[in-house]
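Per the numbering used here, the sequence shown starts with residue 887, numbered consecutively.
Where a beta carbon is used, it is the ideal one built from N, C-alpha and C, also for glycine.
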Amino acid sequence: MDKSNPATFSRLKWVLTGILFQLIVNVCPVPAGEATPSPSLDLEPVRINQGLFYQGGKVMVQARIPASCNSVVVRCIGPRQNIELMEKGRVMGLWMNVREIHLEQFPSIYLLWADPAECEIESPDIKREYLIGYDILKSMWVEQQPHSSNPDKFDDFLKLKEEDGLYRILPTSVGHIRDAQKGGREVEIALPLAAKAEPGRYTVTVIGLENGRAGSMLEGAFEISKSGLPALLYELANQHGLEYGIAAAILATLSGLAIGLVFSGKTGH
C-alpha cells in the first residue's frame, strides 16, 4: 500500500471501515423488540367423521387478535339449507296445517359466543353480513314471509332448533379471552356440535371488537362428513330417494313379521 499519498490512503481507510461496518451489521444486527404476532386462527379438528355411534363432538377454536380489542364475538354456521315447514292454526276449532313456510339459505347450525356476553357490534352491515344475533335471523324470516299472519312463528322455529342443539347462544364459560405473553390477545373456545349436525362445510368467524367496532376479523372452516353405514343411508336418501323408500318399506315389513313371529312363539308355550 502506497502511504506516500495521504489523500488516497485516507479514502481507502474509509472504504475499508465502511465495508467492515456493513459486515458487522449483517452478521450481528442491532437487537430490536420482538414483533407482535399477526392475528391468526386455528381450528382443531378440521375434519369430523360421523360414524354409526357419533353422538356429537367439539371443535376447539384458538385465535390471536390485536391487544386493542377489548371484546370478541365468535360465530359458527353450518351449510345453508332451503327449509320447508307447515304452519298450524285453528280452523273451526281444530288444529290444522294452514300454510306452507319456505325458507331459503338458512344455516343448518348457528352457534354464537361473545365475551363479554353483552358486547355489541356497532356496524349493522357487519351484523347483517355475518348473521350476528338472533334478531338478524328473525329479520331474514320476516323478509321471506311477507304475507305471514304471524311473524312470531320464528320463535317456534327457533325453539325447535334449540331443542336439537343446532341453534345456541353459548354461555361465556365455554371460552375465554386473555392477554398473550408475546403481545395481542388470545381467544379460546370449545364449540359444541350436536349429533344432528348436517354434513358439509362449517364456517367459523372471529371478530375482535374495539369499543364495538370491528378491529380484527378472522375466518376458518372445518368439514363434517358421514362414514360407514350412515354415509350409505345418507347417499341413498338424498340421491336415490325411490330406492331408499322401497328399502325402508321392505325393512319395516320384515321387522314387523320378525317381531310377530317372536311374540307368537312365546304365546304358544
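By the 16-neighbour rule on beta-carbons within 10 angstroms, residue 1112 is buried. Under the Cβ criterion (8 Å, minimum of three pairs), the stretch 940 to 949 counts as touching the stretch 1071 to 1091.
Residue 998 is a Cβ neighbour of residue 1056, given a cutoff of 8 Å.
Take the alpha-carbon of residue 1068 and the one of residue 1023: they are about 38 Å apart.
Scanning the stretch 1029 to 1066 from its first residue to its last, the whole alpha helix (DSSP H) runs of 4-plus residues come out as 1039 to 1049.
Taking the CA atoms as reference points, residue 993 sits about 30 Å from residue 1064. Around residue 1018, the same chain offers 959, 961, 998, 1007, 1012, 1093 as residues with beta carbons nearer than 8 Å, after the five sequence neighbours per side are excluded. Using a 10 angstroms sphere on the CB of residue 1142, the tally of other CB atoms stays under 16, which defines it as exposed. Here DSSP, grouped into helix, strand and coil, assigns residue 1026 to helix. In the three-state scheme derived from DSSP, where H, G and I count as helix and E and B as strand, residue 953 is classed as coil. From the listed residues 1003, 1089, 1020, 1050, the smallest Cα separation to residue 1059 is found for 1003. In this structure, DSSP gives residue 1017 a state outside helix and strand, which the three-state scheme calls coil. Less than 8 Å divides the Cβ of residue 955 from the Cβ of residue 1101. At a Cβ-Cβ threshold of 8 Å, residue 1081 and residue 942 count as neighbours. Pairing residue 1079 with residue 925 gives a Cβ-Cβ distance that is not under 8 Å.
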